[in-house]
Amino acid sequence: MTDAELEALVRLIGPARHIVLGTAADPASRADGERIAVAWGGLVLATVTWPEAAASWLRPARRFAAPDPDVWVVAATPAGWAGMTKRLLVSTGWRPHRTVVTAALATSPLPGVRGARADGTTWED
Numbered sequence: 001m002t003d004a005e006l007e008a009l010v011r012l013i014g015p016a017r018h019i020v021l022g023t024a025a026d027p028a029s030r031a032d033g034e035r036i037a038v039a040w041g042g043l044v045l046a047t048v049t050w051p052e053a054a055a056s057w058l059r060p061a062r063r064f065a066a067p068d069p070d071v072w073v074v075a076a077t078p079a080g081w082a083g084m085t086k087r088l089l090v091s092t093g094w095r096p097h098r099t100v101v102t103a104a105l106a107t108s109p110l111p112g113v114r115g116a117r118a119d120g121t122t123w124e125d
């Protein structure tokens, strides 16, 4: 994650009172999640990590959605996030319009999701 991307993500999180942070299990995604939490500096209600492949993402999806934060923040890989979003949409109250994602997920669009690119520009689907 670039510094410009990190700054843009913090701007997208904005004045949220609290967030839930979701990451893939790989070291880069976890490190990006930690950088986001530190840079934002607010209350992180939960940090949920999920695998790239799973028989079911039900358990991490429920943990991710349950705290009902102001913003869900995701630093993950496209493969794991695809599995998670399917489960989130079917089995939880999670809504994409309150979700901010890193540049790694810019090619995994969902209506309402916002994200930051490596150059610091932002996008919304």
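With the UniProt record's numbering applied, the sequence shown corresponds to residues 1 to 125, in that order.
Built from N, CA and C at the ideal position, the CB exists for glycine as well.
DSSP three-state label for A106, please. In the sequence shown, counting from the first residue as 1, residue 106 sits at position 106. The answer is coil: DSSP assigns A106 none of H, G, I, E or B.
Using only alpha-carbon positions, find the residue among H97, R35, L88 and A55 that is nearest to R62. Taking the first residue of the sequence shown as 1, we reach residue 62 at position 62. Here the closest residue by C-alpha is L88.
Within 10 Å of its beta-carbon, does L43 have 16 or more other beta-carbons around it, so buried, or fewer, so exposed? Here residue 43 refers to the residue found at position 43 of the sequence shown. So L43 counts as exposed.
What first and last residue would you give for the alpha helix (DSSP H) that runs through E7? What you label residue 7 is simply residue 7 of the sequence shown in a count that begins at 1. Here the alpha helix (DSSP H) through E7 covers D3 to I13.
For S91, which residues from the same chain have a beta carbon less than 8 Å from its beta carbon, with the 5 sequence-adjacent residues on both sides left out? Position 91 of the sequence shown holds residue 91. If we look at S91 and ignore the five residues flanking it on each side, its Cβ neighbours are L58, A61 and R62.
In this structure, how does DSSP classify R114 when only helix, strand and coil are distinguished? For the purposes of this step, residue 114 is taken as the residue at position 114 of the sequence shown. It is a strand residue.
Return yes when the Cβ of T2 is within less than 7 Å of the Cβ of A118, no when it is not. The residue labelled residue 118 in the question sits at position 118 within the sequence shown. The residue labelled residue 2 in the question sits at position 2 within the sequence shown. Yes, they are a contact pair.
Would you say the stretch 67-81 touches the stretch 94-110, given that touching needs at least three Cβ pairs under 8 Å? yes
Among E5, L12 and G80, which residue has its Cα nearest to the Cα of A24? Here the question's residue 24 lines up with position 24 in the sequence shown. When each option's Cα is compared against that of A24, the closest is G80.
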